[in-house]
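Novice: Take this structure first; my questions come after.
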């Protein structure tokens, strides 16, 4: 992380030299795992934010000020995150970036709301780039929280939209981790499928304990026996890779529709077994059609950080939107920026993105993709890459879900 | 039977196929000092372990002051008034001498598992501990960690812990083993003083100590008591001479 | 029927893999009294060594070299680490291996990165062997079965038929006696620790591509291996074998039971809609070994086959 | 009787000694807690110190088991977690203000945590304390896995992944503390840290506390002085759980959230490391360990990506070479200085320090260079203007030479000290 920071800053020195007139910097605290096993999720995100900040600074900054991304390692622990949050706030950061783990996000939302209530004039905003529990922009929504990733229900909307278009899918199996996230995924899948394709039979709906299963073969056997044509899972980490690996080993060639298939190392672990088996839904993959600038960005990223792939497109969207909001508000004060951000639309790499005012949930296009050989960009340093499937482009409107948010706004 | 402090009835113990104790019957009167002698491997320590509850008997019964104690746990037997020492020093190594003795005192003074009292304020406990330390001659070393004590002092501490609880029946397992002559003499004096008015059962190899101390002696050979009687009777018993003393006379030290 | 067949087949394979891991741990424990907390870390090292060796050579060479390398690493750890804390008792040793597990985790991340590596099944074995009830059965699994059985036979032969085995056997039943046999005890300890680690390494070589080779694999496998050796009875190889099979079969077959607690305890008035009632046996499957551990230790502290309570 | 009384007076420490050994440290501790806010610590410092307070109580409660009763637990966080969860629920009841809850001050949370921790200890300890040694350690591991899994399964109790949060300002003021600003929370934590430390120290002075040490040393002999070692362990376990629950109550107010992660093996392992590094044979050891490890855990990661590796190295180093931990070093040093032997050992100490410093230079260089090489960004470790690239000869000189030199010096120092003592 520190090394990352210096690596990026080394290149940023030139940019700063050019824009030496910028006196102020806007500190953004990046609070996510940067050591231990989970660092493989935190590091690429940090790099994405730094690269995004670097480009914004090089193009004149935010109202003339530079963005500085300051990393804080939270070890994916909610309690430790609160220590780091306090450190960040005391060092002058007014914007918090975090995404890994809904437990951490929930702790930060709570802590930020309390901090802002207890320390008026010193407000802090929380930009959540990956924690996808729907509650954060529904019943537990907060004025101080903005989410730049589609939440579970929206991603499920995209998945079920795609499934609905596929007439050959008649039986669906749902499997997930036995905790809130897995339960929410299962509930959303059942409800949405029933509405969009009542003829689809849900042949299995099953939860297994979180991160405890070593051999998924028996589960896959159940899936095979059920005659399922597609599997929907909210699994992440080993639970996702091991599940799909067991399916590939059993020679099963049906879509495993996941939220986290694009995580680092998943394709490497699965190898060719992933082809046409591992599907993911995301706000974009590198092999989608895009502008030359976007391709240049992807290539710059890969060249600078060869260990990882360009994955967190939403990091760029987050900072772009912040830039636009600050410009619109003519200020970098959190409350002003927050108000300016509501309803704001920016042109992201893979389509327009709008920050919905009522719940602070970004509305953006989603894409269902699968693993294939010989793509423009491979991932995990293999020759396998993500390819858009037929009918896999889901518009922001289609992916959108209504909100139950009743937000309390400051005067 | 009223006068009996300890009674063993047809006591047997086997470890797998090995029959270590094969039907021991023994009565020990209140206030009696009783010694058990016998060659190594005769089952003397096993017998102690059975009486004190460390092992469960295979069959037979043990009675203490009219209560059956066979089948009870060691701490239950201890609370009923029987205390024992060990052949190998079995003390609380990381605590001081004073703390060691105090651990022996606490339960009998009614402080059981108390967690609401400051041990330093328990005046009777401190007094009793000090008195015992004084008696056994360890008072000067009261604040030393037990591990730092010389061997003979550790043996003494072993006895001190055993008598600390004020049990009426005391079992001593080779209390003078490994001691020099002068140390042994001191230990015997201590045992005499400490067992005054109490029932004492002692296993000992040093015949001098045995014949000095004991009112009665039992000879245990291959898990059976072949003779019981006063020191004179035992000395004169031909069976004993043949089975045990004879051997010893010839070989010097029991094998 | 098909679920039974699959549960049996997979349960046996998983059980054998568990046994491979736990046999090394049991050997070490029997001889040295050390419950090696870092045992699963050596399993991980086996997988990573094999992955690296495969880049320069092939799987078959890795299959033999990687466990040897892991064994050597184990010997170094014993000689320069464990031996120093040996005098201070088993808790110190347990804590040493606890810290060692942390260190190995971190070092693995430095050398092989934080994400999974592409440790592939060798092409020779990468084909479906047969089709069973509609699912292809990978040949590699049968290969695991064979390797595990081979190791079982070799271990049995070594222990029952060789001189080294006799010494180890003697040590298993009479741990305090080995020193009196006139053998160089520190040397034996080092060899046994190395051998135990090598067995874990072998399990890593064949398990790493069956599952996933990533830095979390040690943490994932660690607790379950303890459960196996403790349930089986610390120090008993037979016990470890029975426990490994039991847990392998239990876990795989429980997965196929969809009954919920409400179905079972419904007569007590437990509703299927309540939080407790809604839990299915299948969802509890991975927790069963831990439940088993607690239950076995409460009822039979020596474990199923053990005769020593530590 | 009279001479008995005199011996009694002789044996027990004098009033002055008692004051110096027991009361004075407590007064100094209370003073230190009271003086800290005068320096005007930042909110970051306050947050860090509050966590230190929580961890001090937690580490001490862990050491009631490991250091005092010889019970190695791999799942002690279960009791902090359950105590804390209960407090978070209570805080929400207080905020709702229904019934008698409205009258309960949030300040009293640790008392609720204490009760909940004791209850959890009583329930879980019943089966697990029937065994000692390795089986106990393994049962604690199994129980921790089960409870952590349950944490994710029962949403209504544990709130699932997001956990359950509460507002510490939900109740009415108590002692003039709203508990809103961190300064208020500091006083709250300081008060309860003091209560916890004094409470656990007092426990060591009770008959049960002494018996727990006796059971650690020799469980068999305990049976023959009338005690059931299982009962002793069980009671100690309940108290350890209770004080962990107290720490949980402190944490509930400081962080205002509890998540199932708090129940898992990770915090249990962390507190084991903290207590051990501090020194489990001393009452104050875990206090020192908690302070050092809390600081390192939150701040070391600002300086290096390899902080976990450093912690691991430190732990293994302590287990191998300094089994009495930080406290052992501190008291050992103090004994030598106060015993007037400083001159004799000064030379070998200097050599030892130099040796350690050299080893540290070598280790840090190796770790830092290794992490940069592993990241693959082509970044170079540049201490003091030196460019230490993993491929350059200089790097390897900086790694190998100080290491060899340091090892040599340490060996020499050990030899020199042996001569002094023999």
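Residue numbers (UniProt numbering), protein chains in the order written: chain A, 1 to 411; chain B, 1 to 255; chain C, 1 to 310; chain D, 1 to 422. Think of the CB as a built atom: it goes at the ideal place given N, C-alpha and C, for glycine as much as any other residue. Owing to the predicted nature of the structure, the values given are computational and were not obtained by experimental measurement.
(1) Who does residue 145/A pair with in a DSSP beta bridge?
(2) Taking any Cβ of chain D, which residues in the region 77-99 of chain B have a Cβ under 8 Å from it, in chain order?
(3) Judging by CA-CA distance, which residue of 45/B, 187/B, 161/B and 155/B is the nearest neighbour of residue 222/B?
(4) Would you verify that the beta carbon of residue 324/D is, or is not, closer than 7 Å to some beta carbon of chain B?
(5) By a C-beta neighbour count over all protein chains shown, 10 Å radius and 16 as the cutoff for buried, is residue 21/A buried or exposed?
(6) Give me, in chain order, the residues of the same chain whose beta-carbon lies closer than 7 Å to that of residue 373/A; leave out the 5 immediate sequence neighbours on both sides.
(7) Bridge partners of residue 33/B, per DSSP?
(8) At least one CB of chain D closer than 7 Å to the CB of residue 41/B: is that the case?
(9) Does residue 357/A come out as helix, strand or coil in the three-state DSSP assignment?
(10) Beta-carbon of residue 120/A versus every beta-carbon of chain D: anything under 7 Å?
(11) Please say whether residue 112/A and residue 126/A have beta carbons closer to each other than 7 Å?
(12) Could you check whether the Cβ of residue 320/A sits closer than 6 Å to any heavy atom belonging to the ligand ADP?
(13) Which residues bound the beta strand (DSSP E) around residue 62/B?
(14) Whole angstroms are fine: how far does the CA of residue 307/A sit from the CA of residue 368/D?
(15) With contact counted as at least three CB pairs below 8 Å, one residue from each stretch, are the region 16-30 of chain C and the region 144-151 of chain C in contact?
(16) Does the contact criterion of 3 or more C-beta pairs under 8 Å hold for the region 45-54 of chain C versus the region 200-209 of chain C?
(17) Using the Cα positions of residue 69/C and residue 190/C, report the straight-line distance between them to the nearest angstrom.
(18) Report the rounded CA-to-CA distance for residue 284/A versus residue 304/A, giving the unit in angstroms.
(19) Quick one: what does DSSP say residue 236/A is sitting in, helix, strand or coil?
(20) For the alpha helix (DSSP H) holding residue 137/C, just list the boundary residues, first then last.
(21) Which residues in chain D have a C-beta closer than 9 Å to the C-beta of residue 282/A? List them in chain order.
(22) Below 8 Å on the Cβ atoms is my guess for residue 64/D versus residue 236/D; work out the distance and round it to an integer in Å.
(23) Give the straight-line distance between the Cα atoms of residue 244/A and residue 60/C, rounded to the nearest whole angstrom.
(24) Do you know how far the Cα of residue 239/A is from the Cα of residue 340/A?
(25) Against chain B, which members of the region 275-302 of chain D pass a CB distance test of less than 7 Å?
(26) Using the beta-carbon of each residue, which ones in chain C are nearer than 7 Å to residue 371/D?
(27) Does the Cβ-Cβ distance between residue 75/B and residue 75/D come in under 7 Å?
(28) Is there a C-beta anywhere in chain C that falls below 7 Å from the one on residue 304/D?
(29) Please classify residue 196/B: is it buried, with 16 or more other beta-carbons within 10 angstroms of its beta-carbon, or exposed?
(30) Do the region 34-41 of chain C and the region 96-105 of chain C meet, that is, are 3 or more Cβ pairs less than 8 Å apart?
(31) Note down, in chain order, every chain D residue with its Cβ under 7 Å from the Cβ of residue 104/B.
(32) Helix, strand or coil for residue 260/C per DSSP?
(33) Please classify residue 170/A: does DSSP put it in a helix, a strand, or coil?
(34) Pick from 369/A, 202/A, 67/A and 156/A: whose alpha carbon is nearest that of residue 97/A?
(35) Looking only at its own chain, which residues have a Cβ that is under 6 Å from the Cβ of residue 404/D, when we skip the five neighbours before and after it?
(36) Select from the region 241-255 of chain C all residues with a C-beta closer than 7 Å to any C-beta belonging to chain A, and list them in chain order.
Specialist: Straight from the coordinates:
(1) 126/A
(2) 78, 79, 83, 84, 86, 90, 91, 92, 93, 94, 95, 98 and 99
(3) 45/B
(4) no
(5) Because the pLDDT at residue 21/A is just 43, under 50, the model does not fix this residue reliably, and the value given afterwards should be weighed accordingly. So residue 21/A counts as exposed.
(6) 275, 383 and 384
(7) 200/B
(8) no
(9) coil
(10) no
(11) yes
(12) Of ligands this structure carries none, so the ligand ADP is not represented either.
(13) 59-64
(14) 18 Å
(15) yes
(16) yes
(17) 14 Å
(18) 21 Å
(19) coil
(20) Segment 135-138 is the beta strand (DSSP E) holding residue 137/C; no alpha helix (DSSP H) there.
(21) Result: empty, since nearest Cβ-Cβ is about 21 Å, beyond 9 Å.
(22) 6 Å
(23) 26 Å
(24) 40 Å
(25) none
(26) 110
(27) no
(28) no
(29) exposed
(30) yes
(31) 225
(32) strand
(33) coil
(34) 67/A
(35) none
(36) 252 and 255
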